[in-house]
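A.B. asks:
Protein chains: 2
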Amino acid sequence: MARTDQTQAAVLGALSVTPMSGYALRQEIRDTLGHFWSESFGQIYPALAELARHGLVERRGGERTGSSTFAITAAGTARLRELLAEPAQPAPPRNPLLLRLFFGRHLGPDACRELVQQSRARAEDQLARMAAVRRELAADASSPADRPYWLLTVSAGEHAARAQLAWADEALAALADLRSADGADRLPSASPTPEEHP
Amino acid sequence: MARTDQTQAAVLGALSVTPMSGYALRQEIRDTLGHFWSESFGQIYPALAELARHGLVERRGGERTGSSTFAITAAGTARLRELLAEPAQPAPPRNPLLLRLFFGRHLGPDACRELVQQSRARAEDQLARMAAVRRELAADASSPADRPYWLLTVSAGEHAARAQLAWADEALAALADLRSADGADRLPSASPTPEEHP
DNA sequence: GGGCACATGTAAGCTGTTACATGATTAA
DNA sequence: TTAATCATGTAACAGCTTACATGTGCCC
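Protein chains in written order, with our numbering: chain A, 664 to 861; chain B, 664 to 861.
1. Measuring CA to CA, which of A:Gly820, A:Leu815, A:Leu696 and A:Gln671 is closest to A:Asp788?
2. Where do the N-terminal and C-terminal ends of the beta strand (DSSP E) with B:Arg757 fall, by residue?
3. Give me the Cα-Cα distance between A:Pro861 and A:Asp840, rounded to the nearest whole angstrom.
4. So what does DSSP say about A:Thr740, is it helix, strand or coil?
5. Any beta carbon from chain A within less than 8 angstroms of B:Leu850's own beta carbon?
6. Suppose contacts are defined by Cβ-Cβ distances below 8 angstroms. Is A:Gly718 in contact with A:Thr740 by that definition?
7. Just checking: is the beta-carbon of B:Gln669 within a distance shorter than 8 angstroms of some beta-carbon in chain A?
8. What's the C-alpha gap between A:Ile707 and B:Glu833?
9. Please confirm if B:Thr681 has its CB atom under 8 angstroms from at least one CB of chain A.
10. Please report how far the alpha carbon of B:Phe699 lies from the alpha carbon of A:Pro756, in whole angstroms.
11. Helix, strand or coil, according to DSSP, for B:Thr681 in the structure here?
12. Using C-beta distances below 7 angstroms, list every residue in its chain close to B:Gly767, excluding the 5 sequence neighbours before and after it, in chain order.
13. When the Cα atoms are used, what is the spatial distance from A:Ala754 to B:Val779?
14. Grab me the residues of A:Gly685's own chain with a C-beta within less than 6 angstroms of its C-beta, minus the 5 sequence neighbours each way, in chain order.
15. So A:Ala791 is in the beta strand (DSSP E); what residue range does that whole segment cover?
16. Which of the three DSSP states is assigned to A:Ala687 in this structure?
17. I'd like the span of the alpha helix (DSSP H) that includes A:Glu713, first residue to last.
18. I'd like to know whether the C-beta of A:Asp832 is nearer than 8 angstroms to at least one C-beta of chain B.
19. Nearest to A:Ala751 by CA position, among B:Arg744, B:Leu747, B:Trp813 and B:Glu777, is which residue?
20. Can at least three beta-carbon pairs, one atom from the stretch 808-823 of chain B and one from the stretch 781-800 of chain B, be found at a separation below 8 angstroms?
21. Assuming B:Phe733 contacts B:Arg716 under a Cβ cut-off of 8 angstroms, what Cβ separation, rounded to an integer in Å, is found between them?
22. Could you pull the DSSP bridge partners for B:Arg723 from this structure?
23. Just to check my reading of the structure: B:Asp845 and B:Pro772 have Cβ atoms closer than 8 angstroms, yes? What is that Cβ distance to the nearest angstrom?
24. Do you know whose CA, among A:Gly724, A:Ala808 and A:Val674, lies nearest A:Gly705's CA?
25. By the criterion of Cβ-Cβ separation under 9 angstroms, what are the contact partners of B:Asp809 in chain A?
26. Going along chain A, which residues have a C-beta under 8 angstroms from B:Tyr686?
27. Measure the C-alpha to C-alpha separation of A:Phe765 and A:Glu702 and round it to an integer number of angstroms.
28. In or out: A:Ala802 buried (at least 16 other Cβ within 10 Å) or exposed?
29. Can a CB atom of chain B be found closer than 8 angstroms to the CB of A:Leu886?
30. Within 10 angstroms of its Cβ, does B:Thr667 collect 16 or more other Cβ (buried), or is it exposed?
31. Report the neighbours of B:Tyr812 on chain A: residues whose CB is nearer than 8 angstroms to its CB, in chain order.
32. If B:Ser806 and B:Val680 are in contact, beta carbons under 8 angstroms, what's the gap, nearest whole angstrom?
33. For a quick check, are the C-beta atoms of A:Ala786 and A:Ala824 less than 8 angstroms apart?
34. Mind checking B:Gln671: buried by the 16 CB within 10 Å criterion, or exposed?
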């Protein structure tokens, strides 16, 4: 229910694939879950300590620093199942781009176009990253049981990115219309409106 | 840059459309910006106090309780422009549904299907809400200068919701395949594998 | 010997939600 | 008069990021 549970679920989940260090855990979460999840060091290490205290993960190797790894225990796997079965409550939305566009009248069409273009570029990046992940998954033969589930999240990222691209193109066109209409209103003498869109 | 600035931007932005009370502010933000933004009382009232202290908004009417309203000042409008011009940094993603699906092996295909179906239902809800907003906007003739910008955010919501629908259908099909493959693996004697996918 | 990647942790501080306290107005 | 809605605020707490402190092992 609490957010901490989500961090624990992410940590236990990652360790259910393979044992690793806290440092590697953070990299895995950033690189593999990056398009739909994030955790910082300040979350991961306390979570690992808590999980170890309850016997849900086990520390192996160098106690201090160096090549220590954390492995999930049987109790940890059971706990993971519990955590995953809890209802997935979506977080309250906070989209700073759409906030700016909603009050875009104060920014003007050109500044808005720039924002949308940045968003479009991010979507293309994401599409490229998703394609790269697909290639990696195709090349890597480990964890065959996990693969179909991982592909679902990749597909979600692709659908979202393509939708963002399509919306951005539509928004850019609308803002272009707005700009010329605006210009015609406010600067009637600026230029003889070189080309009107039919 | 800080999150507080975002709250101030949302509050100033809403008041730039029309003056209203803090209570109404919260309702407007929930009902109108709801699909891409959220603020709670605990954010709104301190933000209003802070803005009033700096002369960016002005309290009118009953000082105590009752029919008091807050109105944006000229300085407030200028500040809003500044805030909106600041770079829109996207928040770190946190999608509890995709987290569960990624580790879906531990949940099994059926539990995953249920999650996806819930997500699909939410997307349909959102699509319906966006359609309602479109109707309201078409009927309401006030704020014509804001309308094109508002429509951009509605369109973003529609694109996102449609993408979620398309993905959900794809995911449900994939999970159905997985379920039957799984059943064939784990329960070879259950039924003579009625239909195999080629 | 210096720099870099690996590795573990803590503390401060901000953001944000929730629950609570308080009271006015209005409708049943 | 009781309940619901409108209205304003505060306090406690949870979640999360960032920066810092510390140390190892390896390669150039």
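We treat Cβ as the ideally placed atom computed from N, Cα and C, and that holds for glycine.
C.D. replies: On the basis of the data shown:
1. A:Gly820
2. B:Arg757 -> no beta strand (DSSP E), and no H or E assigned at all.
3. Only weak support is given to the placement of A:Pro861: the predicted model assigns it a pLDDT of 40, under 50, and the value that follows is read from those uncertain coordinates. A:Pro861 and A:Asp840: Cα-Cα distance of roughly 11 angstroms.
4. Assigned with DSSP and collapsed to three states, A:Thr740 falls in helix.
5. Here B:Leu850 scores only 46 on pLDDT, less than 50, and its place in the model is too uncertain to base an answer on.
6. no
7. yes
8. 33 angstroms
9. no
10. 5 angstroms
11. Coil.
12. Cys775
13. 16 angstroms
14. Ile707, Tyr708 and Leu711
15. Counting along the chain, A:Ala791 falls outside any beta strand (DSSP E), though it belongs to the alpha helix (DSSP H) covering Pro772 to Ala802.
16. helix
17. Phe704 to Arg716
18. Cβ-Cβ to chain B under 8 angstroms: no for A:Asp832.
19. Measuring from the Cα of A:Ala751, the nearest candidate turns out to be B:Glu777.
20. yes
21. Their Cβ separation, rounded to whole angstroms, is 13 angstroms, which puts B:Phe733 and B:Arg716 out of contact at 8 angstroms.
22. B:Thr732
23. 6 angstroms
24. A:Val674
25. Phe765, Phe766, Gly767 and Arg768
26. Ordered by position in chain A, no residue passes the 8 angstroms Cβ test against B:Tyr686, which lies about 19 angstroms from the chain.
27. In this structure, the CA atom of A:Phe765 is about 30 angstroms from the CA atom of A:Glu702.
28. exposed
29. Residue 886 of chain A lies beyond the stretch modelled for chain A, which goes from 664 to 861, so this question has no answer here.
30. Burial call: exposed.
31. Leu764, Phe765, Phe766, Gly767, Arg768 and Cys775
32. 6 angstroms
33. Their beta carbons are under 8 angstroms apart, which means A:Ala786 touches A:Ala824 by this criterion.
34. buried
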